[in-house]
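**Student:** Residue numbers (the numbering used here), protein chains in the order written: chain S, 92 to 279; chain R, 92 to 279. The beta carbon of each residue, even a glycine, is placed where N, CA and C say it ideally should be.
Number of protein chains: 2
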Amino acid sequence: MELAEASDRLLVAAERLYYTRGIAAVGIDDVRAEAGVSMRRLYQLYPSKEHLVAAYLDARDVRWRGRVAAHVDAAGDDPGERLLAVFDWLGLWFAEDDFRGCAFINAFGEIGGDSPLILAAVRRHKDLFRDYLVDLARAFPTDAPEVLAAGITLLAEGAMTVAAIGTDPDAAAHAKATAHVLLDAARR
Amino acid sequence: MELAEASDRLLVAAERLYYTRGIAAVGIDDVRAEAGVSMRRLYQLYPSKEHLVAAYLDARDVRWRGRVAAHVDAAGDDPGERLLAVFDWLGLWFAEDDFRGCAFINAFGEIGGDSPLILAAVRRHKDLFRDYLVDLARAFPTDAPEVLAAGITLLAEGAMTVAAIGTDPDAAAHAKATAHVLLDAARR
DNA sequence: GGCAACGGAGAACGATCGTTCTCCGATGTG
DNA sequence: CACATCGGAGAACGATCGTTCTCCGTTGCC
Numbered sequence: 092m093e094l095a096e097a098s099d100r101l102l103v104a105a106e107r108l109y110y111t112r113g114i115a116a117v118g119i120d121d122v123r124a125e126a127g128v129s130m131r132r133l134y135q136l137y138p139s140k141e142h143l144v145a146a147y148l149d150a151r152d153v154r155w156r157g158r159v160a161a162h163v164d165a166a167g168d169d170p171g172e173r174l175l176a177v178f179d180w181l182g183l184w185f186a187e188d189d190f191r192g193c194a195f196i197n198a199f200g201e202i203g204g205d206s207p208l209i210l211a212a213v214r215r216h217k218d219l220f221r222d223y224l225v226d227l228a229r230a231f232p233t234d235a236p237e238v239l240a241a242g243i244t245l246l247a248e249g250a251m252t253v254a255a256i257g258t259d260p261d262a263a264a265h266a267k268a269t270a271h272v273l274l275d276a277a278r279r
Numbered sequence: 092m093e094l095a096e097a098s099d100r101l102l103v104a105a106e107r108l109y110y111t112r113g114i115a116a117v118g119i120d121d122v123r124a125e126a127g128v129s130m131r132r133l134y135q136l137y138p139s140k141e142h143l144v145a146a147y148l149d150a151r152d153v154r155w156r157g158r159v160a161a162h163v164d165a166a167g168d169d170p171g172e173r174l175l176a177v178f179d180w181l182g183l184w185f186a187e188d189d190f191r192g193c194a195f196i197n198a199f200g201e202i203g204g205d206s207p208l209i210l211a212a213v214r215r216h217k218d219l220f221r222d223y224l225v226d227l228a229r230a231f232p233t234d235a236p237e238v239l240a241a242g243i244t245l246l247a248e249g250a251m252t253v254a255a256i257g258t259d260p261d262a263a264a265h266a267k268a269t270a271h272v273l274l275d276a277a278r279r
């Protein structure tokens, strides 16, 4: 098996297992077995579990933000509608069968600051998501798009948290309604 | 040593160690050693690590909500000021040296749904916090206090998340400013 | 004093897991 | 064919950890 294919299969297996069962609960051998890759290959590609987890997070970051952006783009050109579409997508995500919260918040909870590699991957993802929301807010007619984006970011992160824990089944709808209030207040 | 004293010492040690280093990273023996309690006593009081962790979370829930409520009470009688005081307290908390995010969100990330006992403790805490915010919102002159409280809850949870991960050093201030917008929009 | 129950200290056990090593067959080259 | 290289399969190793067990001194009761 070639390196590239082994890497792909490992990342697919890692995403499925680590996300649904947690990072600590999934052994290197579980990922290896599901990917159908030998130990040798795995350690050749990722010299430690930490590296494999960081690679999984980076791959998930790209896919996740891609899905958000696709849904936002499908919502059209109106900047307000585009910002609100983020919450519609969150609602669809929360309703998925295998939804288990934000993989990055969960990873942070599991690893905390113990692994610089993983912490960096988590920060990178959250920064990129926030940057994306700032971009969306800059298209909105307001005098302080950064302030608006900060509020939208907090609502989105809060919705992910309460949806994961299961406290509020309508977290996405509540976040969207609140975001609507923010947009109305910010509109120039 | 009496049972009650052993239990107290265990919970104090558990809170310090589990919160600062994470649940999986701290062994039963670490807690036992810091508390100065024998293995026998520990397993007599808490028949498994799961039970000890759940007890730690319940104890922390009481202390944490007590601290929030004390700060809110110190803010006076005005319902708007009291709601905003929640975010002031979050800011103080985020700035503490040993701040490592919300213990309950972290615990959820570590354990996920694998432990019914721990999941229940996490949900209980988040429900009680939300109930508290609903109470504060009911004192505010608005036609839909539940909707207001939902928005405030999402902002608070989001602030905890981004403050923990370290994406936004001013998370509490941003959340407070956003909450202010919500209050103005909701005021009857 | 004799004895039974208790509990402290910490070793022992068993399981899990990250990482490395060994064995061996396949493959390509002279 | 002879040989060297590679990589797959999976055993082995070493560490960690939750839980239980053993040993032994103390205490309270008759």
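For the alpha helix (DSSP H) holding S/V128, just list the boundary residues, first then last.
**Tutor:** Mapped onto the first sequence, residue 128 of chain S falls at position 37. Where S/V128 is concerned, there is no enclosing alpha helix (DSSP H), given that its DSSP letter is neither H nor E.
**Student:** Nearest chain R C-beta to S/F185 closer than 9 Å, yes or no?
**Tutor:** As a working mapping, residue 185 of chain S is identified with position 94 in the first sequence. No, no contact with chain R.
**Student:** Between S/V238 and S/E93, what straight-line distance do the alpha-carbon atoms span, to the nearest angstrom?
**Tutor:** Numbered from its first residue, the first sequence carries residue 238 of chain S at position 147. Numbered from its first residue, the first sequence carries residue 93 of chain S at position 2. Taking the straight line from one Cα to the other gives about 48 Å.
**Student:** Under a three-way DSSP split, which group does S/T258 fall into?
**Tutor:** Here residue 258 of chain S is taken as the residue at index 167 of the first sequence, counted from 1. Three-state result, S/T258: coil.
**Student:** In the stretch 205–240 of chain R, which residue ranges form an unbroken beta strand (DSSP E) of at least 3 residues, counting only runs that do not cross its ends?
**Tutor:** Whole beta strand (DSSP E) segments, 3+ residues: zero.
**Student:** Determine the DSSP secondary structure at S/R278, reduced to helix, strand or coil.
**Tutor:** Your numbering for residue 278 of chain S matches position 187 in the first sequence. In the structure shown, S/R278 sits in a strand (DSSP, three-state: E or B).
**Student:** Note down the Cα distance separating S/L208 from R/I209, rounded to an integer number of angstroms.
**Tutor:** Start at 1 with the first residue of the first sequence, and residue 208 of chain S comes out as number 117. Start at 1 with the first residue of the second sequence, and residue 209 of chain R comes out as number 118. Cα to Cα, S/L208 sits roughly 28 Å from R/I209.
**Student:** If distances are taken between C-alpha atoms only, which option among S/H271, S/R279, S/D188 comes closest to S/E172?
**Tutor:** Sequence index remark: in the first sequence, residue 172 of chain S carries index 81 (1-based). Among S/H271, S/R279, S/D188, the Cα nearest to that of S/E172 belongs to S/H271.
**Student:** What does a CB cutoff of less than 7 Å around S/A286 pick up in its chain, not counting 5 residues either side in sequence?
**Tutor:** Here chain S covers residues 92 to 279 and nothing more, so residue 286 of chain S does not appear.
**Student:** Measure the Cβ-Cβ separation of R/A250 and R/F185 and say whether it is below 9 Å.
**Tutor:** Against the second sequence, residue 250 of chain R aligns to sequence position 159. Against the second sequence, residue 185 of chain R aligns to sequence position 94. A contact, by the Cβ cut-off of 9 Å.
**Student:** Please say whether S/A212 and S/L143 have beta carbons closer to each other than 9 Å?
**Tutor:** Taking the first residue of the first sequence as 1, we reach residue 143 of chain S at position 52. Taking the first residue of the first sequence as 1, we reach residue 212 of chain S at position 121. Result no, Cβ atoms of S/L143 and S/A212 do not sit closer than 9 Å.
**Student:** If we cut at 9 Å on Cβ distances, does S/V225 have a partner in chain R?
**Tutor:** For this step, residue 225 of chain S is matched to residue 134 along the first sequence. So, not an interface residue.
**Student:** What runs of the alpha helix (DSSP H), each 4 residues or longer, lie entirely inside the stretch 112–156 of chain R?
**Tutor:** Runs of the alpha helix (DSSP H) inside the stretch 112–156 of chain R: 119–126, 130–136.
**Student:** Answer yes or no: the CB of R/E187 versus the heavy atoms of the ligand FMN, is any distance below 8 Å?
**Tutor:** Within the structure as shown, the ligand FMN is missing, as the structure has no ligands at all.
**Student:** In chain order, what residues of the same chain lie with their CB nearer than 6 Å to the CB of S/V225, ignoring the 5 residues before and after it?
**Tutor:** The residue you call residue 225 of chain S lines up with position 134 of the first sequence. Result list for S/V225: A240, in chain order.
**Student:** Below 9 Å between beta carbons: does that hold for S/H216 and S/R158?
**Tutor:** By one-based count along the first sequence, residue 216 of chain S stands at place 125. By one-based count along the first sequence, residue 158 of chain S stands at place 67. In this structure, S/R158 does not lie closer than 9 Å to S/H216 by Cβ.
**Student:** By the three-class DSSP mapping on this structure, what secondary structure does R/G192 have?
**Tutor:** The residue you call residue 192 of chain R lines up with position 101 of the second sequence. Correct three-state label for R/G192: coil.
**Student:** Does the beta-carbon distance from R/L242 to S/H162 come in below 9 Å?
**Tutor:** To locate residue 242 of chain R, count along the second sequence from 1; it is residue 151. To locate residue 162 of chain S, count along the first sequence from 1; it is residue 71. First, the amino acid is wrong: residue 242 of chain R is Gly here, not Leu. Contact flag unset, no.
**Student:** Take R/F231 and list the residues in its own chain whose beta-carbon comes closer than 8 Å to its own, dropping the five residues that flank it on each side.
**Tutor:** Stepping through the second sequence from its first residue, residue 231 of chain R is reached at position 140. Closer than 8 Å at the Cβ level, and outside the excluded window around R/F231, lie P170, G171, L174, L239, L274, A277, R278.
**Student:** Could you tell me whether the Cβ atoms of R/I202 and S/I196 are closer together than 9 Å?
**Tutor:** Here residue 202 of chain R refers to the residue found at position 111 when the second sequence is read from its first residue. Here residue 196 of chain S refers to the residue found at position 105 when the first sequence is read from its first residue. No, the pair does not count as a contact, with Cβ atoms beyond the cut-off.
**Student:** What residue does the alpha helix (DSSP H) around S/G186 start on, and which one ends it?
**Tutor:** Walking along the first sequence from the start, residue 186 of chain S turns up at place 95. The sequence shown places Ala at residue 186 of chain S, rather than the Gly named in the question. Where S/A186 is concerned, there is no enclosing alpha helix (DSSP H), given that its DSSP letter is neither H nor E.
**Student:** Just the C-alpha distance for R/A235 and R/R229, rounded to the nearest angstrom, thanks.
**Tutor:** By 1-based counting over the second sequence, the position of residue 235 of chain R is 144. By 1-based counting over the second sequence, the position of residue 229 of chain R is 138. In a straight line, the C-alpha of R/A235 is about 8 Å away from that of R/R229.
**Student:** S/L108: buried (16+ other C-beta within 10 angstroms of its C-beta) or exposed?
**Tutor:** As a working mapping, residue 108 of chain S is identified with position 17 in the first sequence. Burial call: buried.
**Student:** Quick one: what does DSSP say S/D284 is sitting in, helix, strand or coil?
**Tutor:** The structure shown does not extend to residue 284 of chain S, since chain S is modelled only from 92 through 279, so no value can be given for it.
**Student:** Which of the three DSSP states is assigned to S/G171 in this structure?
**Tutor:** For the purposes of this step, residue 171 of chain S is identified with residue 80 of the first sequence, where counting begins at 1. If DSSP states are grouped into helix, strand and coil, S/G171 belongs with the helices.
**Student:** Considering only the beta carbon of each residue, do S/T258 and R/D259 sit closer than 9 Å?
**Tutor:** By one-based count along the first sequence, residue 258 of chain S stands at place 167. By one-based count along the second sequence, residue 259 of chain R stands at place 168. Not in contact: S/T258 and R/D259 (Cβ atoms no closer than 9 Å).
**Student:** Quick test of your reading: R/V128 and R/A150, contact by CB under 8 Å. State the CB separation rounded to the nearest angstrom.
**Tutor:** As a working note, residue 128 of chain R is residue 37 in the second sequence. As a working note, residue 150 of chain R is residue 59 in the second sequence. Not really, about 15 Å apart at Cβ, beyond 8 Å.
**Student:** Using beta carbons (cut-off 9 Å, strictly below), is R/G242 in contact with chain S?
**Tutor:** Here residue 242 of chain R is taken as the residue at index 151 of the second sequence, counted from 1. At least one chain S Cβ lies under 9 Å of R/G242.
**Student:** Would S/A247 and S/Y110 qualify as a contact pair, given that the criterion is a beta-carbon distance under 9 Å?
**Tutor:** Residue numbering aside, residue 247 of chain S sits at position 156 when the first sequence is read from its first letter. Residue numbering aside, residue 110 of chain S sits at position 19 when the first sequence is read from its first letter. For S/A247 and S/Y110, no; Cβs fall outside 9 Å.
**Student:** R/E248 versus chain S: which residues are under 7 Å apart at the beta carbon?
**Tutor:** The residue given as residue 248 of chain R occupies position 157 in the second sequence. Near R/E248 (Cβ distances below 7 Å), the residues of chain S are G249, T252, V253.
**Student:** Determine the chain S residues that contact R/D205 at a beta-carbon separation under 9 Å, and present them in chain order.
**Tutor:** The count along the second sequence starts at 1 and reaches residue 205 of chain R at position 114. Those are R112, G113, A116, listed as they occur along chain S.
**Student:** When you compare each of S/V122, S/E106, S/R132, S/A124 to S/A95 by their alpha carbons, which one comes out closest?
**Tutor:** The residue you call residue 95 of chain S lines up with position 4 of the first sequence. Among S/V122, S/E106, S/R132, S/A124, the Cα nearest to that of S/A95 is on S/R132.
**Student:** Verify the CB distance criterion: does S/V153 have a CB-CB separation below 9 Å to chain R?
**Tutor:** If you number the first sequence from 1, residue 153 of chain S lands on position 62. Not an interface residue.
**Student:** Could you tell me whether the Cβ of R/K217 comes closer than 9 Å to any Cβ of chain S?
**Tutor:** Residue mapping note: residue 217 of chain R aligns to position 126 of the second sequence, counting from 1. Judged by the 9 Å Cβ criterion, R/K217 is in contact with chain S.
**Student:** Tell me the rounded alpha-carbon separation between S/G113 and S/A124.
**Tutor:** Translated into the one-based positions of the first sequence, residue 113 of chain S becomes position 22. Translated into the one-based positions of the first sequence, residue 124 of chain S becomes position 33. Cα-Cα distance, rounded: 17 Å.
**Student:** For chain R, check one thing: does any of its Cβ atoms lie closer than 9 Å to the Cβ of S/I119?
**Tutor:** The residue given as residue 119 of chain S occupies position 28 in the first sequence. Not one chain R Cβ lies under 9 Å of S/I119.
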